[in-house]
Amino acid sequence: MSDEERTKEKRRVYLCSNCNGGCSSNSNTSSTTEEMKNLLTTYLGLSFSVFLGLLPKYSLTYVTSLQSRNRVLALRLFEAEEQLRQVRARRKEDGRANARAAEILAEHRSAWLETERSLLNRLEDAQAVVSELRAQVESLERELLVARSTTAIVASGENAVARREKTEDGEEEREEEGEVSEEEVDEEERVLLYEEGDEEGLELDEMAAILYQQSLKMPLLSMDGHGLGTQNNAICHSTDSNWFGPSNSSAKPIPDFNPWQSLNYDSVDPMGDLKHVTTRESPWKTDLESSCVPSKMRVLEEELTNLENLGKGDISKIPSLMRKQAKRYQSLSVRIDDLCKRMRASDPYDPAIGAELRIQRQTEFLMEAKHLRHRATETRVKLNTVQSETLNISIFSFGEEFTPEAKLRTRRSLDSIRNNFKEIQRNLEVWLARILGDLEGMSRMREYSNMW
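First residue of the sequence shown: 1, per UniProt numbering; consecutive thereafter.
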């Protein structure tokens, strides 16, 4: 149906609506309508025929190409709509998965928070327990230190009293017999004081102060772990005649006065006769050569070389094991020597160093010395293992290829190597023990002085 036919139909419908149903009764109007329809149909047919006749020659090919293109576009549209539906479905699934993941994460987060709170509570409880235990340990250490100090003081006092009574009894007997002079009595008393100081574990400077005071015939001052005590130094330099004034050598001692007043006094400057005192340097002032370890290592190297020249078969495995052990001792001795060098570089007894820095350095040196002692213990265990292995090899490896002289020389070399190892181990352990004793003595003396 063309546009003209549609226009006519609309006009007819409009006219019929205006007639209010009059068209149904009017036959003329219906016949006219039929004629109009036939005329319109004829017109449309003629116009379509004219349109077909006026089409270009190759228009049919254009129509087919347009139809094929239309089909392709329709197919693409269908595919695009299908992809769009899939994308929407995936978005819905992803949304549901994200919501589920958020729920799971929220549950886990709450569980994690509860676990964190419980761990924090446990940590606080553990810290409280640790602080209580530390306080108990500190109190017990203080009580133990006080008990040890009291016991040591009581024991030293009893020993000193007993020794002094014995000395006085011996002096009275010898004076009666006329065999001992005053100088010999003085010498014996100084030796006695030295032995008492050694037994009580005094430091070298304390014993030197005791001997110095005794040689000058002065009463002893109290010790505080660093030589002379905290008393007024003016006592030592007093010019009172009761102390340093000239006295009559023939005068007898008065019982009510100091028993040392009857002796001749020298000036304050001389140190007196200290020939009997065996000087002892601090162990950390000893170098590596003084410890006799390098000389033992050289002898050990010579023995290992001789053993390599004698070794045959399984015996040749022994020098390699021994050299590994020798390297362990070499490394340990170098580390101990390095510790001593650093201690010599920062002297713990230096009064110019502050108290906190001195305590810090002493603590560092003490911890490192304990670590080296642990290393020395491990080296001893390895030495026992190496000796057992070498003993097994030496027992089962002397075959017929060894002459009696070679067997004897090999056994002597092995015995010499074992003895050298034992001496090296002993020297290193003694060296470390002296260093530890010196450092621990300084620490104990500092704690004791802080307590009192």
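Heads up, the beta-carbon is just placed ideally off N, CA and C, and yes, glycines get one too.
Legend entry - As assigned by DSSP and simplified to three states, the class of residue 353: coil
Legend entry - Backbone CA spacing between residue 411 and residue 391 [nearest angstrom]: 10 Å
Legend entry - residue 113 versus residue 99 - alpha carbon distance: 21 Å
Legend entry - DSSP three-state assignment for residue 453, whether helix, strand or coil: Examination of residue 453 is not possible in this model, given that the chain is present from 1 through 452 alone.
Legend entry - Residues of its chain near residue 80, where Cβ-Cβ distance is below 8 Å and the 5 sequence neighbours each way are ignored: none
Inset, instruction - State the CB to CB distance for the pair residue 439 and residue 362, rounded to an integer number of angstroms; the pair is presumed to be in contact (CB under 8 Å). - result: 6 Å
Legend entry - Cβ neighbour criterion (16 or more within 10 Å) applied to residue 130: exposed
Inset, instruction - Write down the C-beta distance between residue 297 and residue 330 rounded to the nearest angstrom, noting that I regard them as a contact closer than 8 Å. - result: 6 Å
Inset, instruction - Give every residue of the same chain whose Cβ lies closer than 7 Å to the Cβ of residue 86, excluding the five residues on either side of it in the sequence, and list them in chain order. - result: none
Inset, instruction - Within the same chain, show all residues whose beta-carbon is closer than 7 Å to that of residue 377, passing over the 5 residues directly before and after it, in chain order. - result: none
Inset, instruction - Tell whether a beta-carbon distance below 8 Å holds between residue 372 and residue 344. - result: no
Legend entry - residue 77 (DSSP reduced to helix, strand or coil): helix
Legend entry - Exposure label - residue 415; buried when at least 16 CB within 10 Å: exposed
Inset, instruction - Please say whether residue 428 and residue 332 have beta carbons closer to each other than 8 Å? - result: yes
Legend entry - Neighbour flag for residue 301 against chain B, beta carbons, 8 Å: Looking for chain B here will not work: only one protein chain is present.
Legend entry - Burial state of residue 51, where buried means 16 or more other Cβ atoms lie within 10 Å: exposed
Legend entry - Nearest-angstrom Cα separation, counted from residue 102 out to residue 66: 53 Å
Inset, instruction - Would you kindly check if the distance between the Cβ of residue 339 and the Cβ of residue 369 is under 8 Å? - result: yes
Legend entry - Alpha-carbon to alpha-carbon, residue 55 and residue 30: 38 Å
Inset, instruction - Alpha carbon to alpha carbon, how far is residue 147 from residue 154? Give it in angstroms, no decimals. - result: 10 Å
Legend entry - CA-to-CA distance, residue 387 to residue 152, given in whole angstroms: 42 Å
Inset, instruction - Let me know the secondary structure DSSP gives residue 346 once reduced to three states. - result: coil
Legend entry - Outcome for residue 90 when other beta-carbon atoms lying within 10 angstroms are tallied against a minimum of 16: exposed
Legend entry - Inter-residue Cα distance where the pair is residue 455 and residue 139: This structure leaves residue 455 out entirely; the chain is present only between 1 and 452.
Legend entry - Proximity below 8 Å, CB of residue 300 to CB of residue 420: yes
Legend entry - CA-to-CA distance, residue 379 to residue 328, given in whole angstroms: 7 Å
Legend entry - Contact under 8 Å by Cβ, residue 319 with residue 302: no
Inset, instruction - For residue 54, name the three-state secondary structure that DSSP assigns. - result: coil
Legend entry - Among 323, 357, 365 and 352, nearest to residue 342 - alpha-carbon criterion: 365
Legend entry - Close beta carbons around residue 375, own chain, < 7 Å, minus the five adjacent residues each side: 332
Inset, instruction - Please classify residue 72: is it buried, with 16 or more other beta-carbons within 10 angstroms of its beta-carbon, or exposed? - result: exposed
Inset, instruction - Rank 354, 382, 425 and 356 by C-alpha distance to the C-alpha of residue 294 and give the top, closest one. - result: 425
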